[in-house]
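Asks:
Number of protein chains: 2
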Amino acid sequence: MLEKSPNEDTRTALLRAATRLFAEKGFYGASIAAIARELDLTKQALIHHFGSKERLYGEVLQQIADELVAAMVEATSDQADPMAQLELLLTRMYDTHKTRPEQSRLLMRELLDNRPRAERADTWYLKSFLKGLVVVVQRIPGWQSASEAEALAAVYQLLGAISYYAISEPTLTRIFGKATYAELDEAFPTRLRLLMRASFERPP
Amino acid sequence: MLEKSPNEDTRTALLRAATRLFAEKGFYGASIAAIARELDLTKQALIHHFGSKERLYGEVLQQIADELVAAMVEATSDQADPMAQLELLLTRMYDTHKTRPEQSRLLMRELLDNRPRAERADTWYLKSFLKGLVVVVQRIPGWQSASEAEALAAVYQLLGAISYYAISEPTLTRIFGKATYAELDEAFPTRLRLLMRASFERPP
DNA sequence: TTTGTGACTTACCGTTCGGTAAGTTTCAAG
DNA sequence: CTTGAAACTTACCGAACGGTAAGTCACAAA
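Sequences listed follow chains D and P, in order.
Mapping of the first sequence onto this note's numbering: residues 1 to 204, in sequence order.
Mapping of the second sequence onto this note's numbering: residues 1001 to 1204, in sequence order.
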């Protein structure tokens, strides 16, 4: 049970609970009643705020997508060199998954589910983020003439390495034990940086 | 609706349908009635063959896990050089996702869901595959003294790059269009090979 | 010809699902 | 003091869920 902090209105708290539960159990696995119960409310309270489960889910995804874009904007303004921008962004994404693992999980679920769900709601939450990523790559020396597809291929592999690892913590700790996972967690960023450099120092 | 081919008994056909539907919609999203309906059967027929939904899901996962292990055994016997073994295995995994995309999707879902589901069924389908992968890495020149965690970190990033891309086709085609996706699909394996070499030519 | 057995079916069961309808309570503005 | 809206509640609804019980039917063995 979550406490409803005084400075945060119910709607925001519901959104936060929904993010956590959707990330953990998926759209079908998390019921609106269970989400509302986190705040000791009934599901009708949730309906009152969001209209429907589908709209609630949409807001959750939109929020995550916005955060991704914001992170990208921030990284590009914190650094001048495009290569450093990309490295900073990917490193931060890796860091984020430790503080907010729901983000990665939710995005992964959206990747898995958006085919069947798309028949109803056809919004592409990831679009601006991915398009932006491609632009950043195309500013890296040697990549100016790279096509959208070539740039995407390179960056998507790194994105995949990060995201996949981000959702694997429960499985990996169970299989390899806490100690090995801790060591893995330490080795990962170094290896990741190696991969980034190897990838972008060699244009297509 | 699927046709029940004459040489294939109902059980196998159900398993195949279940694999497809679980991959597409997840455990909660796919109902046993919907799976049975694919073969024009009732859900009770499915229960008759598998006992429960949970057991059916278990069999589906086990089958996929077995295929993964088989692919690894095959790759290690087709090649003598450990580096070539790994490259072959990862390349084949990339190829597999095109012919059987359900495999990647199902594994990703298991990665996402096994925390909540694990309270009930604690079988680690991926265990022997991942353990095997680590052993292969540790046979590569320069990696003999690498710890389990170091080897895992390196190979897991590549696994992530492949798996993440494998489940992204619907999203990527919708965002970037069919033409760009086709070009991306062409560029991907080359980039992947570059990443493999960069990763394993530099031990920790 | 009887007896079993595997492969199903129809008929249910209790539970949960998302959502609607119609309140009740709180509280601030007029 | 009244009005009205926001923020909820209880009481439902029909549909779908996983699963049980009790058959029906085909067919092979005894």
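Yeah, the Cβ is synthetic: ideal placement off N, Cα and C, and Gly gets one too.
Please read all numbers here as calculations on a predicted model, not as lab measurements.
Whose C-beta lies closer than 6 Å to the C-beta of leucine 130 of chain D among residues of the same chain, with five residues either side of it excluded?
Replies: For leucine 130 of chain D, where only same-chain residues beyond five positions count, there are no Cβ hits under 6 Å.
Asks: Say whether the stretch 1028-1037 of chain P touches the stretch 171-182 of chain D, bearing in mind that this needs 3 or more beta-carbon pairs closer than 8 Å, one atom from each stretch.
Replies: In short, these stretches do not touch, since the Cβ pair count stays below three.
Asks: Does any residue of chain P bring its CB to less than 8 Å from the CB of proline 206 of chain D?
Replies: Shown here, chain D extends from 1 to 204; a query on residue 206 of chain D therefore has no answer.
Asks: How many angstroms separate the CA atom of proline 1141 of chain P from the CA atom of glutamate 102 of chain D?
Replies: About 38 Å.
Asks: If I measure Cβ to Cβ from threonine 1099 of chain P and keep anything under 8 Å in the same chain, skipping five residues before and after, which residues do I get?
Replies: Around threonine 1099 of chain P: no qualifying Cβ.
Asks: Compute the distance between the beta-carbons of glutamate 87 of chain D and methionine 196 of chain D, then report whether it is under 8 Å.
Replies: Contact: yes.
Asks: Starting from the beta carbon of tryptophan 124 of chain D, find every residue of chain P whose beta carbon is closer than 9 Å, and list them in chain order.
Replies: Under the 9 Å cutoff, chain P gives Thr1171, Arg1174, Ile1175.
Asks: Does the Cβ-Cβ distance between serine 199 of chain D and leucine 158 of chain D come in under 8 Å?
Replies: Yes, the pair counts as a contact, with Cβ atoms nearer than the cut-off.
Asks: Taking a contact to mean a Cβ-Cβ separation below 8 Å, would you say threonine 233 of chain D touches valine 60 of chain D in this structure?
Replies: Outside the shown range of chain D, which is 1 to 204, sits residue 233 of chain D, and nothing can be said about it.
Asks: To the nearest angstrom, how far is it from the Cα of alanine 13 of chain D to the Cα of leucine 112 of chain D?
Replies: Approximately 26 Å, taken between the alpha carbons.
Asks: Just to confirm the assignment: which complete alpha helix (DSSP H) runs, minimum length 4, are found wholly within the stretch 53-105 of chain D?
Replies: Here the runs fully enclosed are 53-78, 82-99.
Asks: List the residues of chain P that threonine 180 of chain D touches, going by C-beta distances under 9 Å, in chain order.
Replies: Correct list: Ser1147, Glu1148, Ala1149, Leu1152.
Asks: Just to confirm, are glutamate 1148 of chain P and tyrosine 1125 of chain P a CB contact at a threshold of 8 Å?
Replies: Contact flag unset, no.
Asks: At the level of alpha carbons, what is the spacing between lysine 1025 of chain P and tyrosine 1156 of chain P?
Replies: Taking the straight line joining both Cα atoms gives about 25 Å.
Asks: Shortest alpha-carbon distance to leucine 107 of chain D belongs to which of P:Asp1185, P:Tyr1057, P:Ile1167?
Replies: When only C-alpha atoms are compared, the closest one is P:Ile1167.
Asks: For the stretch 1182-1202 of chain P, which residues have a CB atom closer than 7 Å to at least one CB atom of chain D, in sequence order?
Replies: Listed in sequence order: Glu1183, Leu1184, Ala1187, Phe1188, Arg1191, Leu1192, Leu1194, Leu1195, Ala1198, Ser1199, Arg1202.
Asks: In the stretch 1095-1113 of chain P, which residues sit with their C-beta less than 7 Å from some C-beta in chain D, listed in chain order?
Replies: The residues in question are Arg1105, Met1108, Arg1109, Leu1111, Leu1112.
Asks: If you draw a straight line from the C-alpha of arginine 1139 of chain P to the C-alpha of tyrosine 1164 of chain P, how long is it?
Replies: One C-alpha to the other measures close to 26 Å.
Asks: Strictly under 8 Å for the Cβ-Cβ distance: is alanine 75 of chain D near chain P by that measure?
Replies: No, its Cβ sits nowhere closer than 8 Å to a Cβ of chain P.
Asks: Between P:Asp1009, P:Glu1038, P:Phe1027, which has its C-alpha nearest alanine 1017 of chain P's C-alpha?
Replies: When only C-alpha atoms are compared, the closest one is P:Glu1038.
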